[in-house]
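Here the structure comes first, spelled out in structure tokens, and everything after it is commentary.
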Amino acid sequence: MDFRARFAPSPTGQVHIGNIRTAIFNWLATRHNKGTFLLRIEDTDLERSTQDAIDKLLECMKWLGLDYDEEIMYQTKQSGLHKQAAEKLIETGYAYKLNPAEEHSPILFKLPYDCDGMKFIRQAGPVRIDLAPGSAVQLNQAGVVYNTVSPKGKTVENAASLAGFKNLEILGADGSVLFRLDEESRKALPSNPQEKMTVENCSALTFLRREVFYHDLVKGDLAKPLDSMKDFIIVRSDGSPVFHLANVYDDMQQRVTHIVRGDDHVENTYRHLFLFEALGFTPPQYAHLPMIVNKAGKPYSKRDGDAFVGDFREKGFMAQALFNYLSLLGWSPGDDREKMSKEELVEAFTIERALRSPAQFDIAKLTNMNALYIAELSRDEFMERIAPYLEKYCPEAVGSPLLEKVAELMHSRTKTFADVAHWTYFFRSPENVEYDAKALKKFLSDDMIRKSVEEFASGLDALPSCTAAEIESKIRAVEEKYGIPQGKLNQPLRIAVTGSTIGAGIYETIELIGSAGSASRIRRALAMKNE
Ligand code: GLU
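For the sequence shown, the positions run 0 to 530 when numbering that gives the first Met the number 0 is used.
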């Protein structure tokens, strides 16, 4: 069988990582199965779906290499077909107007009472529901409204589709049957949704419970009692089709065989199964993905940190790294591989391997993965990739004769391209280096340290050019002279030369900056500390 999956985003703003993960899973499953990957833009929310949002989405897919087959389907262009489908559903008895007398009435889908033959319906056994004593039950061909008492003693109104109550009997206080639902009595119920038949003084309902069920490729067997479902709107009073109808109709038209989407759509699926049936189409297979969550287990949002694909791109994450990381967010190849190329992912990806529990977003893990991808770049590729980030975050470096050497030194330590923001000290004149005041205080207050740092600077004056190895032995010699433990001068020197506590190895850094420049920086740092 042909494998056809789609990504069906609602373009209402920036692209959230959760959404793009859905796209990635669909894409991987399709490419694995040598199927067809479709893109459908569900742009029916006219107030929130903007061209800008659509452009961002397409750009984002392009960046990640999520190529699609066939033309993009824009859902707004389908609305004529959706309305025709709704009319057809009315004709076939699967839908009705909420206010039959009004021309512009919402249209509701009718959960069919005669549904026993449907593949996704099963019987779950007899049920008795005790009612609020003496309360009334209202019925019509669409549904049943009844009152129960909550554990706290409150009267609660319940409403559900008539289809949920096979062989319904409404009992009176003495247990007698006040109403029995059969072929004949059902036909006699008001067909106008605005009218209801009332049965007074009831005590309980008994009926045969039926369930809607399906096998979810990720979540396993799922079911929902039909008596907890209501008929639902498919066309609004302004004539616009509702998500359920549009989504299902378009899946049918695009001949989708597999729906992979977020598990916030599980509840919709129980309704969609009926819609597919009513439209005469075999329902696709479903795979609902658990949410991406934060450390507290709550849905991951902008409040938890960067949540949009554009943010990661801007911060210097590589598309391959983000793709790889998101592929593993809620899916595993079944072995301990983590860094996987697209080809390896396609080869290994089956949707059944998606995990059932929510996936926790971990920026540190993504950053480390990004570093692995950056480390693999050739020197030229690295230079090319950092160019736009240098312009933005380290303009001093652009055109500097030092740049190539700095890049070579820093390449293996670069976790995201935006890290170039920390390279400025290489390119500034000694008087323009910015110092971290706290670090200065912490590492350059001790007299003995200050003296030895000063002595090291004087030694540099005598060494007009020096290599990292020479610098290292010079530092060790000063440490020895002052009885300072080996290596203890590295950090004070790093602050003095670079202004910061993080960076590449201090010997290589001093070699690159040069002895004269380093000596003046050290003196300036010592003077600053004295101020
Ligand atoms: N437009 C829906 C969403 O973004 C798509 C649902 C689906 O994939 O069926 O949530």
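Glycine is no exception: its CB is placed at the ideal position from the N, C-alpha and C atoms.
* Asked: In three-state DSSP terms, what is Glu156?
  -> strand
* Distance, Ala28 Cα to Pro429 Cα -> 55 Å
* Asked: Would you say Ile483 and Val496 are within 8 Å of each other, going by their C-beta atoms?
  -> no
* **Contact check, Leu221 vs Phe212, beta carbons under 8 Å** => yes
* State buried or exposed for His257, treating a residue as buried only when at least 16 other CB atoms are found within 10 Å of its CB. => buried
* Roughly how many angstroms lie between the CA atoms of Gly504 and Lys314, to the nearest whole one? -> 24 Å
* Cys201 bridges to which residues according to DSSP? -> Ser134 and Gly171
* Inter-residue spacing [alpha-carbon to alpha-carbon] between Ala94 and Leu188 -> 17 Å
* Asked: Within the chosen definition, does the segment 517-529 reach the segment 419-439 through at least 3 CB pairs nearer than 8 Å?
  -> yes
* Asked: Does the count of Cβ pairs from the segment 232-242 and the segment 69-89 closer than 8 Å reach three?
  -> Contact annotation: the segment 232-242 touches the segment 69-89, with at least three C-beta pairs closer than 8 Å.
* To do: Could you check what DSSP says for Ala320 in three-state terms: helix, strand or coil?
  => Of the three classes helix, strand and coil, the one that applies to Ala320 here is helix, per DSSP.
* Asked: Beta carbon of Ala618: closer than 7 Å to some heavy atom of the ligand GLU?
  -> Residue 618 is absent from the structure shown; the chain starts at 0 and stops at 530.
* With distances taken from CA atoms, which of Leu56, Lys151, Leu63 and Thr43 is nearest Ser78? -> Thr43
* Asked: Based on the DSSP secondary-structure assignment, which residues constitute the bridge partners of Ala358?
  -> Paired residue(s): Ile291.
* Do His287 and Gly304 have their C-beta atoms closer together than 8 Å? -> no
* Beta-ladder partner(s) of Ile128, from DSSP -> Leu204
* Using only alpha-carbon positions, find the residue among Gly516, Ile474 and Ala456 that is nearest to Tyr424. => It is Gly516 whose Cα lies nearest to the Cα of Tyr424.
* To do: Take the Cβ of Asp418 as the centre, count every other Cβ of all protein chains shown within 10 Å, and call the residue buried at 16 or more, exposed below.
  => buried
* For Ile362, collect the residues of the same chain with a Cβ closer than 8 Å to its Cβ; drop the 5 residues on either side in sequence, then sort them by chain order. => Contacts found: Gly304 and Asp305.
* Asked: So, is Arg493 buried or exposed, given that buried needs 16 or more other C-beta atoms within 10 angstroms?
  -> Looking at its Cβ environment, which holds 16 or more other Cβ atoms inside 10 Å, Arg493 is buried.
* Asked: Does the beta carbon of Ser48 fall short of 7 Å from some heavy atom of the ligand GLU?
  -> No; taking the cut-off as 7 Å, the Cβ of Ser48 has no heavy atom of the ligand GLU nearer than that.
* Asked: What's the gap between the Cα of Ser104 and the Cα of Asn98?
  -> 5 Å
* Asked: Cβ of Pro8 within 7 Å of any heavy atom in the ligand FAD?
  -> Judged by which ligands are present, the ligand FAD is missing from the structure shown, whose ligands are the ligand GLU.
* Does Ala28 get closer than 8 Å to chain B when you measure Cβ to Cβ? -> The structure shown contains no chain B; it is built from a single protein chain.
* Any contact of the segment 276-294 with the segment 339-347, i.e. 3+ C-beta pairs under 8 Å? -> no
* Hey, is the segment 169-176 in contact with the segment 201-209, meaning 3+ C-beta pairs nearer than 8 Å? -> These segments touch.
* Indicate whether Gln284 and Leu216 have their beta-carbon atoms separated by less than 8 Å. => yes
* Relative to the alpha-carbon of Lys76, which residue among Ile233, Glu41, Phe231 and Lys450 has its alpha-carbon at the smallest distance? -> Glu41
* Segments assigned alpha helix (DSSP H), at least 4 residues, entirely inside the segment 214-252 -> Within the segment 214-252, the complete alpha helix (DSSP H) runs of at least 4 residues are 242-252.
* In the DSSP assignment, find the beta strand (DSSP E) that holds Asn32 and state where it starts and stops. => Neither: Asn32 is in no beta strand (DSSP E) and is coded neither H nor E.
* Ile291 CB to nearest heavy atom of the ligand GLU below 7 Å -> no
* Beta carbon of His264: closer than 7 Å to some heavy atom of the ligand GLU? -> Yes.
* Taking the alpha-carbon positions, what's the Leu207 to Ser326 distance? -> Looking at the two C-alpha atoms, the distance is approximately 44 Å.
* Asked: To which residues does DSSP link Ile120 through a beta bridge?
  -> According to DSSP, Ile120 bridges with Val211.
* **Contact check, Met196 vs Leu138, beta carbons under 8 Å** => A contact, by the Cβ cut-off of 8 Å.
* To do: State the DSSP-derived secondary structure class of Ile23, mapped to helix, strand or coil.
  => helix
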